[in-house]
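Participant: I'd like to ask some things about the structure below.
Structure (structure tokens):
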């Protein structure tokens, strides 16, 4: 059994989705924690310091390469799995099983993921791209991200799109969090109950935290 | 519950063979007893079709007592019909009311091609079993049943997994047409016992490879399989299968 065989079977592909999914969950914690500095009440001083470290130090900048690699792997593998799984039933049912046997969001991971991807493109276009462009993609002069947030989130439609993006992420996590751990082989009943509740709590907290950021700027709370 | 008779409208999938394009046909059955099983109702309909000179509806059935896994009808949007933990043959007509319209479809998955009407080819499951669903036993006298001590909980979990009758309802219910609940039950009931230990690593690898070859989709843990399983096979078996796969994939020398 070569490594290639291990990771390219149907279960192996799930493992890739699970590993990258948990990696991205860890990234969300870092991202939310750092961004929460906007609420420090110092007109963005602490946030700017944090953002400066993340953008100008080699350690997070090298980790960023890993983040993009994990992100791309999760997106490409996820889309390929979605298309492949859809192709396994050429003739569909006249009456569908629907929500009786499973939650709608657990069946809609491909759709929710695509919505998150669309949101992510807009998000990178708003903040990551202009910042890195100004730096010449290395460690050059950064833009003031706090002012950039203020500017972008003064538009109502941007705030609405961001909140909807966070909602998609929340439902994606509501299934993805516990599913990722099951995929990695956690089958003990007491862990499953724990992971399901922690998963729901995590999804709600992350969704609220991120959604409150554009709302806070729009409402003038920061 | 009081016995009653009913008249029903049936919308049944008719398909000549795996190559032809099927379609729904409407049938009316009258004076169906609430005490009949769903398959007996189909027997009545087939008698009627034969009397009228029509082709009777082909469907799989064998023991008609819920243990063989042959019956395979997708009834009103759920494999094996509206009751929980139940096979089609054990579904009784008291689940329906006079005047109901019932939609009956075959299992739909490309890995289960339709042979005719409601009968599908599930030999893919047999080939998955052949790929690794066995243990090695020495010839000679039968070993004493209690020669190897097995913890009660493990024996119970193994037996619960071994309840799988291989009917394919999990594949039919899954949006990905995945056979993971079936496979995980077959891997789990052997992996939980010391008798399954010698082939432990090769079993899970070979059975997963065969499942992929047969054209089933991959698992996304939606839980539709567990909700429809007539033998209530737990989805935790899928997580156990993943653990077995991870262990074998990372430590196997071959």
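Residue numbers (the working numbering), protein chains in the order written: chain L, 1 to 222; chain R, 1001 to 1254.
Idealized CB from N, CA, C, for every residue including glycine.
(1) Given that residue 1081 of chain R touches chain L, what residues does it touch there, using C-beta distances under 7 Å?
(2) Using Cβ-Cβ distances below 9 Å, what residues of the segment 84 to 96 of chain L are close to chain R?
(3) Given 8 Å as the limit, is there contact between the segment 88 to 95 of chain L and the segment 169 to 179 of chain L, that is, 3 or more CB pairs closer than that?
(4) Among the candidates L/18, L/121, L/144, L/120, whose CA atom is the shortest distance from the CA of residue 131 of chain L?
(5) Does the beta-carbon distance from residue 52 of chain L to residue 17 of chain L come in below 8 Å?
(6) Is the beta carbon of residue 1158 of chain R sitting closer than 8 Å to the one on residue 1192 of chain R?
(7) Using a beta-carbon distance below 8 Å, is residue 1153 of chain R in contact with chain L?
(8) Give me the subset of the segment 1201 to 1222 of chain R whose CB atoms are less than 8 Å from a CB atom of chain L, sorted by chain position.
(9) Determine the extent of the beta strand (DSSP E) in which residue 1011 of chain R is found, giving its start and end residues.
(10) Whose CA, out of R/1174, R/1011, R/1019, lies closest to the CA of residue 1218 of chain R?
(11) What are the boundary residues of the beta strand (DSSP E) that includes residue 1031 of chain R?
(12) May I have the straight-line CA-CA distance separating residue 186 of chain L from residue 1239 of chain R, to the nearest angstrom?
(13) Please decide whether residue 6 of chain L counts as near chain A, where near means a Cβ-Cβ distance under 8 Å.
(14) Mapping DSSP to helix, strand and coil, what is residue 1087 of chain R?
(15) Can you tell me where the alpha helix (DSSP H) with residue 1101 of chain R in it begins and where it stops?
(16) Check residue 1114 of chain R in the structure and name its three-state DSSP category.
(17) By DSSP, does residue 1120 of chain R sit in helix, in strand, or in coil?
(18) Given that a residue counts as buried once 16 or more other Cβ atoms are within 10 Å of its Cβ, and exposed if not, what is residue 1101 of chain R?
(19) Is residue 1105 of chain R close to chain L, meaning its C-beta is less than 8 Å from at least one C-beta of that chain?
(20) If you count every other CB in all the chains shown that lies within 10 Å of the CB of residue 62 of chain L, and 16 or more means buried, which is it?
(21) Touch check for the segment 192 to 202 of chain L and the segment 1065 to 1076 of chain R: three-plus C-beta pairs under 8 Å?
(22) In the DSSP output, which residue or residues are listed as bridge partners for residue 130 of chain L?
(23) Taking C-alpha atoms, which residue in R/1030, R/1243, R/1045 lies nearest to residue 1053 of chain R?
(24) In chain L, which residues lie less than 8 Å from residue 1177 of chain R when you measure between Cβ atoms?
(25) Does residue 98 of chain L come within less than 8 Å of chain R when only Cβ atoms are used?
(26) Using a beta-carbon distance below 8 Å, is residue 203 of chain L in contact with chain R?
(27) Which one or two residues does DSSP pair with residue 1079 of chain R in a beta bridge?
(28) Using the beta-carbon of each residue, which ones in chain L are nearer than 7 Å to residue 1074 of chain R?
Facilitator: In this structure, then:
(1) The premise fails here: residue 1081 of chain R is roughly 12 Å from chain L at the closest Cβ pair, so nothing lies under 7 Å.
(2) 84, 85, 86, 87, 88, 89, 90, 91, 92, 93, 94, 95, 96
(3) no
(4) L/144
(5) no
(6) yes
(7) no
(8) 1205, 1208, 1209, 1211, 1212, 1215, 1216, 1217, 1218, 1219, 1220, 1221, 1222
(9) 1005 to 1014
(10) R/1174
(11) 1023 to 1033
(12) 6 Å
(13) As a matter of chain content, chain A is missing from the structure shown, whose protein chains are L and R.
(14) coil
(15) Segment 1101 to 1105 is the beta strand (DSSP E) holding residue 1101 of chain R; no alpha helix (DSSP H) there.
(16) strand
(17) strand
(18) exposed
(19) yes
(20) exposed
(21) no
(22) The partner list for residue 130 of chain L (beta bridge, DSSP) is empty, contrary to what the question assumes.
(23) R/1045
(24) 85, 88, 89
(25) yes
(26) no
(27) R/1074
(28) 93
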